[in-house]
Every structure is written in C-alpha cells, then in structure tokens.
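Anchor point for the sequence shown: position 74 equals 73 in numbering that gives the first Met the number 0, and the numbering is continuous, going up by one each time.
Note that beta-carbon positions come from the ideal geometry of N, C-alpha and C, so glycine has one too.
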Amino acid sequence: MSEFEHDDEIVSKSELKRAAEAQQQLGEQLVSLAEGKLAKIPLDEELLDAIHLAQRIRNTREGYRRQLQLIGKMMRHRDTGPIEQALAELEHSHHEQNALFHQLEKQRDAILATGDDAIQQFIDTYPNADRQKLRQLYRQANKQAEQNKPPTAKRELFKYLREVATA
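Pasting the structure below:
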C-alpha cells in the first residue's frame, strides 16, 4: 500500500476554509432570526447564549465579527443537519405564506372587479366563508372607492379573506 491510496480522506486547506465559512454563514442566519423563529430551531443552551449575545452587540463592528466567528467555530463542532433542516422548513413556510397572501390579494382584486362571480368562486374554494359578509365588504369597498375615501373596507376584505383561508 502506498501513501496515496487514502486520497479520499485528505481534505485541502481551501476546502476546510469553505466549510468553516459555510458554518459561519449558517450562524449569521441564526443571528438574524427573530426570537420566535429561533425558538423553533433545535439549539443547545451554549449556542443559543452565543446567538443572543451576538444579537445584543450587533452595533459594535469588531465585537460582532468576533462573536460571529465564535458561533461559526461552535457550529463546526456540532451536527448542523437538524439546524439546516429547521431553517429550510422556516424558509419554506415563509414562502408558502407569501404565496397564499398573493393568491388572496388576487382574489380580493377579483372580488372588487367582478363582484358576485368572484365571491362565488371564493366560497367554492372556502365553503366556511360568509357570503353576506363578503358582499357587504364588497359594497363598502366600492362605495369608498367612488367617494375617494381611504380603502379601509378593501383592507377589511383582505383581512377577512386571510382569516377564512387560514382557519
């Protein structure tokens, strides 16, 4: 056996640096999360404390940079698979929620443009919707638009559509 038969185990210095940079970027993503989203990610107490400290010292440039490096170092000694998976799930749910809101905005605009036909389509999609309330909000929104008033009924219509869709 020669010394070159174990080439697959040799990792270049550049590759190690790229891996360390990836771990540090993962740490930066964690630091940028809000507390509610951070609670959904499986983190141990030591790493969570380091993230909270980085969030508190965000305004001090050098201290923040060093804290991010420490978080990156801590991440290299942990299994980051569950953390990456939880971040991906958060991102996916965020995209789903945005897509739902865009769909609801289109449905609201269709209701305001066509009236009863779009209301019926919405009720077909969401049978628990109240037709009377939808028609009332539709009439109020049209009346406010004719009188050049602020679109409060239009916003209320969107809130109601969102409430029905997420219920």
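In or out: residue 35 buried (at least 16 other Cβ within 10 Å) or exposed?
exposed
In the DSSP assignment, find the alpha helix (DSSP H) that holds residue 99 and state where it starts and stops.
80 to 113
Does DSSP classify residue 117 as helix, strand or coil?
The three-state reading of DSSP puts residue 117 in helix, counting H, G and I together.
Taking C-beta to C-beta, are residue 107 and residue 118 nearer than 8 angstroms?
Their beta carbons are not under 8 angstroms apart, which means residue 107 does not touch residue 118 by this criterion.
Do residue 144 and residue 156 have their C-beta atoms within less than 8 angstroms of each other?
Result no, Cβ atoms of residue 144 and residue 156 do not sit closer than 8 angstroms.
Span of the alpha helix (DSSP H) holding residue 48?
44 to 55
With distances taken from CA atoms, which of 92, 56, 42 is nearest residue 74?
42
So which of 27, 163, 33 has the shortest CA-CA distance to residue 126?
163
Between residue 122 and residue 134, what straight-line distance do the alpha-carbon atoms span, to the nearest angstrom?
11 angstroms
Where do the N-terminal and C-terminal ends of the alpha helix (DSSP H) with residue 31 fall, by residue?
Its alpha helix (DSSP H) spans residues 12 to 31.
Give the DSSP-derived three-state secondary structure of residue 125 in the structure shown.
coil
Find out if the Cβ-Cβ distance for the pair residue 39, residue 85 is shorter than 8 angstroms.
yes
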